[in-house]
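Residue numbers are given in our numbering: position 60 of the sequence shown equals residue 71, and the series is strictly consecutive. The C-beta atom is built at its ideal place from N, Cα and C for all residues, glycine as well. Every value quoted in this text rests on a predicted model; they were computed, and no experiment measured them. Down below is the structure, laid out as structure tokens.
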Amino acid sequence: MKPQAVLHALLPVSIALVVAACTINTNPDAARVDCGAPGPNGVDCRIQRTGGTGAFEACWNLVITCQNGGRMTGSACHDMAVGETEGIRNMPVAGFSNQAACDVPTSGKVERLGITSK
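As structure tokens, this is what we get:
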């Protein structure tokens, strides 16, 4: 067999392997976290899967800005099972730092959301 014939015979196989390698991880695990208003029992956060179907752990910080300009920060994580689409995680008041600097909570922002596949 001529070298060109071997090359032409292997080319479709090589292209298929490259395409397969590029498409293996097209839908990685991903999520978003939305937290409600703080209350006496803390803050409930809703974790919603936005990609993938595998098990993962979502971890985040919630920074609450206060009327007097103070800020409180809390951290939480939530495990999501294979195929699960959403979950709820309560962040207790006691878990927030710098509470003395806050008079009245006015808004919150999820920061540093990290997704770790399991």
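First and last residue of the uninterrupted beta strand (DSSP E) at residue i
| i | result |
| --- | --- |
| glycine 106 | Unbroken run through glycine 106: none, as it is neither H nor E. |
| glycine 119 | 116 to 128 |
| threonine 84 | 82 to 91 |
For residue i, the three-state DSSP class (helix, strand or coil)
| i | result |
| --- | --- |
| alanine 42 | strand |
| alanine 48 | coil |
| threonine 69 | First, the residue type needs correcting, since residue 69 is alanine and not threonine in the sequence shown. Three-state DSSP puts alanine 69 in a strand. |
| alanine 112 | helix |
| valine 54 | strand |
| valine 74 | strand |
| glycine 62 | strand |
Backbone CA spacing between residue i and residue j [nearest angstrom]
| i | j | result |
| --- | --- | --- |
| alanine 111 | proline 103 | 16 Å |
| asparagine 36 | alanine 66 | Its pLDDT being 47, under 50, asparagine 36 is placed unreliably in this model, and the coordinates cannot settle the point. |
| arginine 82 | valine 121 | 13 Å |
| asparagine 101 | isoleucine 58 | 11 Å |
| threonine 117 | cysteine 77 | 5 Å |
| isoleucine 126 | asparagine 79 | 33 Å |
| threonine 61 | cysteine 88 | 17 Å |
| glutamate 95 | threonine 64 | 8 Å |
| serine 86 | cysteine 70 | 7 Å |
Given residue i as reference, the closest of the options once Cα atoms are compared
| i | options | result |
| --- | --- | --- |
| alanine 48 | Val74, Thr96, Ala92, Gly98 | Val74 |
| aspartate 45 | Asn72, Pro39, Ala105 | Asn72 |
| valine 115 | Arg43, Asp40, Ala42, Pro51 | Pro51 |
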